[in-house]
Amino acid sequence: MIYLQLFLEFFQTGLFSVGGGYATLPFIQKMMERYPYWFGSLTLADITAIAEATPGPVGVNAATFAGYSAGGILGALVASFALVLPSFVIVSLVARALEKNRQSPLIGTLLSTLRPAVTGLIAAAAWTVIRAALFTAPIMEGFWQAIEWQNIVLYAVLLGLLFVPKIKKVHPVFFFLAGGIAGVVMGLF
Numbered sequence: 006m007i008y009l010q011l012f013l014e015f016f017q018t019g020l021f022s023v024g025g026g027y028a029t030l031p032f033i034q035k036m037m038e039r040y041p042y043w044f045g046s047l048t049l050a051d052i053t054a055i056a057e058a059t060p061g062p063v064g065v066n067a068a069t070f071a072g073y074s075a076g077g078i079l080g081a082l083v084a085s086f087a088l089v090l091p092s093f094v095i096v097s098l099v100a101r102a103l104e105k106n107r108q109s110p111l112i113g114t115l116l117s118t119l120r121p122a123v124t125g126l127i128a129a130a131a132w133t134v135i136r137a138a139l140f141t142a143p144i145m146e147g148f149w150q151a152i153e154w155q156n157i158v159l160y161a162v163l164l165g166l167l168f169v170p171k172i173k174k175v176h177p178v179f180f181f182l183a184g185g186i187a188g189v190v191m192g193l194f
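Residue 6 is where the sequence shown starts when you use the numbering used here, and the numbers rise one by one after that.
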């Protein structure tokens, strides 16, 4: 039964999350609320971090990880397949339709109408991850009390390191070491 639920949930996610892997995150967050026993103590930030750390599309990696958490290896396969199946079917059908109606103004209007919805889905996912990473308590309790200052410092260091290559050529290993040292130092406090 869990595999059927996984298939239906991730099929729905794949069907409605237009715009790439990050657009799947709000759907996965809702799944975490509906089926908390699938995910144990994992948070959306955990799933996002693991999905980004592994090679491949973020959405598929997140579905694979969530499916594995819920139903083991078979759950991972079912969730991944269910997530990509709608895209595969839709792209196949749309490709055929576009070939036949290449010059139609309706097609251009349809594609430009989807852009704001995609932007909204990705912005919602970004806000969810930022809120989980930077704030320890609900923001409504008080902005300054909710801030996780260690994470703010780490993000400031990261932003500073982004400009180092523009000033001086530095080997990429330096950035891994600097990030590791910053993480260890911040972990001590």
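Beta carbons are placed, not taken as given, at the ideal position from N, Cα and C, and that holds for glycine.
Check, Outcome
"Should Leu-30 and Ala-130 be called a contact, given that it needs their Cβ atoms to be closer than 8 Å?", "yes"
"Around the Cβ of Met-6, are there at least 16 other Cβ atoms within 10 angstroms (buried) or fewer (exposed)?", "exposed"
"In angstroms, rounded to a whole number, what distance separates the CA positions of Gly-185 and Ala-84?", "33 Å"
"Can you tell which of Phe-32, Ala-138 and Trp-43 has the C-alpha that lies nearest to the C-alpha of Leu-88?", "Phe-32"
"For Val-123, which residues in the same chain have their Cβ closer than 7 Å to its Cβ, ignoring the five residues on either side in sequence?", "Val-23, Gly-24 and Ala-28"
"Which residue wins for smallest C-alpha separation from Gln-10, given the options Pro-62, Lys-173, Val-190 and Leu-79?", "Leu-79"
"Rounded to whole angstroms, what is the Cα-Cα separation between Val-96 and Leu-193?", "50 Å"
"Would you please state the rounded distance, in angstroms, between the beta carbons of Met-197 and Glu-14? I believe it to be under 8 Å.", "No information on residue 197 is available, as it lies outside the stretch 6 to 194 that the chain covers here."
"I need the DSSP call for Ser-46, collapsed to helix, strand or coil.", "coil"
"Any idea if Phe-179 is buried or exposed, counting beta-carbon neighbours within 10 angstroms, 16 or more meaning buried?", "exposed"
"Under a three-way DSSP split, which group does Leu-159 fall into?", "helix"
"What's the gap between the Cα of Ile-172 and the Cα of Pro-60?", "30 Å"
"For Asn-106 and Phe-93, what's the separation of their Cα atoms in angstroms?", "20 Å"
"Would you call the stretch 152-169 and the stretch 48-55 touching, i.e. three or more CB-CB distances under 8 Å?", "no"
"Comparing alpha-carbon positions, which option in Lys-174, Gly-45 and Ile-135 lies nearest Tyr-160?", "Ile-135"
"For a test of the three-state rule: what should DSSP assign to Gln-10, helix, strand or coil?", "helix"
"Pick helix, strand or coil for Lys-105, following the three-state DSSP scheme.", "helix"
"Using 10 angstroms around the beta-carbon of Gly-72, count the other beta-carbons present and answer buried if the total reaches 16, otherwise exposed.", "buried"
"Taking the C-alpha atoms as reference points, what is the distance between Val-63 and Phe-21?", "16 Å"
"Would Thr-69 and Ala-81 qualify as a contact pair, given that the criterion is a beta-carbon distance under 8 Å?", "yes"
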